[in-house]
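Novice:
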Amino acid sequence: MLSAVAFVPSPPLLVPELMGAASDEMSELRDAALAEVRDLAARCDVLLALGTDTQAGMLRSVVATYVGYGADVVVRTAPDASGPPDPDLPLAAATVGWLRDRAAPANAIDVMLVPVDADADACASAARDVADRVGGADRVGLLVVADGATTLTAGAPGAFDDRAEGVQQRVDDALDAVDTATLRSLDPALCAELGVSGRAAWQVAATVVEATGRRFTGRTRYRAAPYGVGYTVGSWT
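The opening residue of the sequence shown carries number 3 in this note's numbering; numbering runs sequentially from there.
#1: Can you tell me whether proline 81 is buried or exposed, with buried defined as 16 or more other CB within 10 angstroms of its CB?
#2: Kindly indicate the opening and closing residues of the beta strand (DSSP E) around arginine 141.
#3: Kindly give me the distance between the Cβ atoms of glycine 200 and glycine 150, rounded to whole angstroms, as I take these residues to be in contact under 8 Å.
#4: Here's a check: name, in chain order, each residue in its chain whose Cβ is nearer than 7 Å to the Cβ of alanine 96, leaving out the five neighbours to either side.
#5: Exposed or buried, which one is aspartate 189 when buried takes at least 16 other CB atoms within 10 Å?
#6: Could you pull out every residue in the same chain whose Cβ sits closer than 8 Å to the Cβ of alanine 73, ignoring the five residues on either side in sequence?
#7: Taking just the CA atoms, how far does glycine 70 sit from alanine 34?
#8: Taking leucine 4 as the reference, give the member of Ala139, Ala94, Leu61, Pro117 with the closest Cα.
#9: Of the residues Leu101, Tyr233, Asp103, Gln205, which one's Cα is nearest the Cα of valine 180?
#10: Less than 8 Å separating the beta-carbons of leucine 61 and threonine 79?
#11: In chain order, what are the residue ranges of uninterrupted beta strand (DSSP E) at least 3 long that sit wholly in the region 76–145?
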């Protein structure tokens, strides 16, 4: 049974070795994400992660590295994961590994990937897959790895788009209020234009929570846009 959902972003800037002298600038975001995963692991017996990539997939017990981002920081999604680190694994999997290593080292976390451009039918199908996985286990925690708009400032990776602030605020407010209907109503085309790569993961999580028929309470630990990208850390319990 699904007991809790945690939301974290996936920026490589979480990793201090990649930030150099600017590492302290991300300490608030980093600490919030680690605390959320730590709490999720304490509350739940089984953890499953949900992220986006170019195509669907399931990753189990993998070893990743951030070498492609500038530092050979090796991370694992399970305590017994072995073998050479794969530099080409999706960023969501590397993020799960980095957070797990530091906040939940005793846990294994499988990573389910949803296509970043998944439509409503694909999100509903992915939600059924998640429900099938959590239905047979006790105290399951879902770790949702999802990023917001990349177009919030002129210096943002996607440059500035005056529509981005409103969409980002809508997402942040919905995550805080467990407003699953708003998350499910996010427009895929608009989100793609604004660089909201986490849209599909949020919509799958919203559908999964609705299907439980249970009341969840939201909490936000962090919501800000360093470097012009929207990052939100929080939980539904």
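Note that beta-carbon positions come from the ideal geometry of N, C-alpha and C, so glycine has one too. Only a predicted model underlies this, so the values are computations on that prediction, with no experimental measurement involved.
Specialist: On the basis of the data shown:
#1: Exposed, by the Cβ-count rule.
#2: Here arginine 141 belongs to no beta strand (DSSP E), and DSSP marks it neither H nor E.
#3: Contact holds; Cβ gap of about 6 Å.
#4: Closer than 7 Å at Cβ, skipping near neighbours: Ala66, Tyr68, Val77.
#5: The residue in question, aspartate 189, is exposed, as its Cβ has fewer than 16 Cβ neighbours within 10 Å.
#6: Scanning its chain for C-beta atoms nearer than 8 Å, with the 5 sequence neighbours on each side dropped, one finds around alanine 73 the residues Val17, Glu19, Leu20, in chain order.
#7: Whole-angstrom Cα-Cα distance: 25 Å.
#8: Leucine 4 has its Cα closest to that of Ala139, out of Ala139, Ala94, Leu61, Pro117.
#9: Per the Cα distances, Gln205.
#10: Contact: yes.
#11: Taking 3 residues as the shortest admissible run, the region 76–145 contains the following complete beta strand (DSSP E) segments, listed from N- to C-terminal end: 76–78, 111–117.
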